[in-house]
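Chemist: Heads up: the protein sequence lines correspond to chains A and B, in order.
Sequential numbering of the first sequence, starting at 1, is according to the working numbering.
Sequential numbering of the second sequence, starting at 1001, is according to the working numbering.
Just so it is clear, CB atoms sit at the ideal spot from N, CA and C, and this is done for glycine as well.
Source: prediction; values computed, not measured.
So that we are looking at the same thing, I have put the structure below in structure tokens.
There are 2 protein chains.
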Amino acid sequence: MSKTRNVSLSVIKRMPRYYRFLGDLKAQGINRISSKELSNRMGLTASQIRQDFSCFGGFGQQGYGYNVTQLQQEIGSIIGLDNKQRTIIIGAGNLGKTIATHVKRELSTFEIVGIFDRKESTIGQMISGIPVRNSDTLEEFCKEVFPTVAVLCVPFDAAREICEKLSVLGIKAVLNFTHFDVALNFPEMKVENIHINDSFMTLCYKINSDGDE
Amino acid sequence: MSKTRNVSLSVIKRMPRYYRFLGDLKAQGINRISSKELSNRMGLTASQIRQDFSCFGGFGQQGYGYNVTQLQQEIGSIIGLDNKQRTIIIGAGNLGKTIATHVKRELSTFEIVGIFDRKESTIGQMISGIPVRNSDTLEEFCKEVFPTVAVLCVPFDAAREICEKLSVLGIKAVLNFTHFDVALNFPEMKVENIHINDSFMTLCYKINSDGDE
DNA sequence: TAGATTGTTAATCGATTAACAATC
DNA sequence: TAGATTGTTAATCGATTAACAATC
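In structure tokens form, the structure reads like this:
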């Protein structure tokens, strides 16, 4: 079955949230839900929910609704959770450690195969059972293990250089925590940003615009 | 001067990025820029940039462009960076520690006034010079210090209960790292989410939809 | 003054919502 | 069968882009 094309990013970005809510429903023992009921719980319109799902073919049944378990599974497979990704973490500072641990615990799709840092004092440390390697060994490591995804947890100044390496070494996708603009500078890479500062600033705006409406 | 109202969230969310790029330009010694040139550097259209700024009144000059320093300052003041926010961090696990340190170093707008945890072994630890307090003392702390912002770094299961407390204790805004849906359950709160799992999943989709277009 | 570039109005494009025939 | 609810088409709404008069 060929993958559905041309689904807009707005739709895609809602998929993880659907996945999460359906998981919660399942945990509550609910195994059937209508778009109406789901829309109430999620704060969306029923129309949007049906539109979203129909982008991928539609998984419901008239007069009945959706089967929670099956729908969650479909969404998981749309997202591609079944395909494991060999993942490396670049930067073993506070953030790198936190993310390594988190991913190991919660995101089985992303299998952490290596953690890299260039700071002597950090190299050799164990994080969730994975040793921190010297960044100098990145190239040889990639040529052996072939990771596909990198998580960027380095300081801004180091980001461009490391991206150049990653790009050459066959990394296809980057989860970027730095404020270096990976997508702009490496258009061939798939990028998802987590810009913590931007989120704080957006919150800041919301606080200050309080009561203006 | 009355704040401009009704600016859409899409526009707002671009402001931190403008702020960042203008900072970079300033650091490079560039002090004048046209919407055209800025659009090239940022991967946007010049039209969008002018539209965005004109939401707040327009800060340029025909035939000249924008003054980088002045524009950055205007954007900072639109976001509200000058108004300090007393901020508490809830949860002093890996993530809480990482965020505390990060905010202390980079986001002077958010002044970390307290860190809370309920785990005995964590209470009393120092993080960037701030002691981890017992969550039981949250109420008395808030009645004394009046923090306005909370950063949620607790496990999912603890989130609802803590939000109920925060809401009562006068917290106006939450930066939410949990996948508990704060905005849905506490509509009076201003919320900004950082859903790490969602970002990984979106990246996952992008990887798997590779070559479909 | 002539050239450059803004701020804004109009046109286009895309995303969300509403409506409804199809059907379980 | 009657009621419920889907998937989809049409209508609306909002955001982005294009165009251009105003003006530095």
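#1: Kindly indicate which residue of A:Val182, A:Ile88 and A:Arg17 has the alpha-carbon position closest to the one of B:Arg1041.
#2: Where B:Ile1194 and B:Ile1033 are concerned, what is the direct C-alpha to C-alpha distance, given to the nearest angstrom?
#3: On the three-pair Cβ rule with 8 Å, is the region 110-120 of chain A touching the region 85-101 of chain A?
#4: For A:Ser2, is the classification buried or exposed, using 16 other Cβ atoms within 10 angstroms of its Cβ as the cut-off for buried?
#5: Can you check which of these residues, A:Ser128, A:Ser35 and A:Val113, is closest to A:Arg50 by C-alpha distance?
#6: To the nearest angstrom, how far is the alpha carbon of B:Asp1212 from that of A:Cys153?
#7: Would A:Asp52 pass as an interface residue toward chain B - the criterion being a Cβ-Cβ separation below 8 Å?
#8: So with Cβ pairs under 8 Å, would you call B:Pro1131 a contact of chain A?
#9: For A:Met201, tell me which candidate among B:Gly1029, B:Ala1027 and B:Asp1082 has the shortest Cα-Cα distance.
#10: Taking DSSP's pairing of strands, which residues face B:Ala1046 in a bridge?
#11: Cβ atoms of B:Gly1023 and B:Gln1070: under 8 Å apart, would you say?
#12: List in chain order: all unbroken alpha helix (DSSP H) runs of 4+ residues lying wholly within the region 37-119 of chain A.
#13: Roughly how many whole angstroms lie between the Cα atoms of B:Lys1097 and A:Asp157?
#14: Anything in the region 105-132 of chain A with a Cβ closer than 9 Å to a Cβ of chain B? List those residues in chain order, please.
#15: For A:Glu161, name the three-state secondary structure that DSSP assigns.
#16: Just to check my reading of the structure: A:Pro147 and A:Ile162 have Cβ atoms closer than 8 Å, yes? What is that Cβ distance to the nearest angstrom?
#17: Might you give, ordered along the chain, the residues of its own chain that have their beta carbon closer than 7 Å to the beta carbon of A:Leu25, omitting 5 neighbours on each side?
#18: Shorter than 8 Å from the beta carbon of B:Thr1101 to some beta carbon of chain A?
#19: What is the residue span of the alpha helix (DSSP H) that A:Asn134 lies within?
#20: Quick one: what's A:Ala150 bridged to in DSSP?
Modeler: Short version:
#1: A:Val182
#2: 32 Å
#3: yes
#4: Low confidence applies here, because A:Ser2 scores a pLDDT of 38, under 50, leaving its location unreliable and the question unanswered by this model.
#5: A:Ser35
#6: Bear in mind that a pLDDT of 47 at B:Asp1212, under 50, signals an unreliable position, so the number given afterwards is only what the model happens to contain. So the two alpha carbons sit approximately 29 Å from each other.
#7: no
#8: no
#9: B:Asp1082
#10: B:Ala1046 is not bridged to any residue.
#11: no
#12: 46-54, 68-79 and 94-106
#13: 23 Å
#14: Glu106, Leu107, Thr109 and Phe110
#15: helix
#16: Wrong, their Cβ atoms sit about 13 Å apart, outside the cutoff.
#17: Ile33 and Val68
#18: yes
#19: Note, A:Asn134: premise wrong, no alpha helix (DSSP H); beta strand (DSSP E) at Ile130 to Asn134.
#20: A:Ile88 and A:Val174
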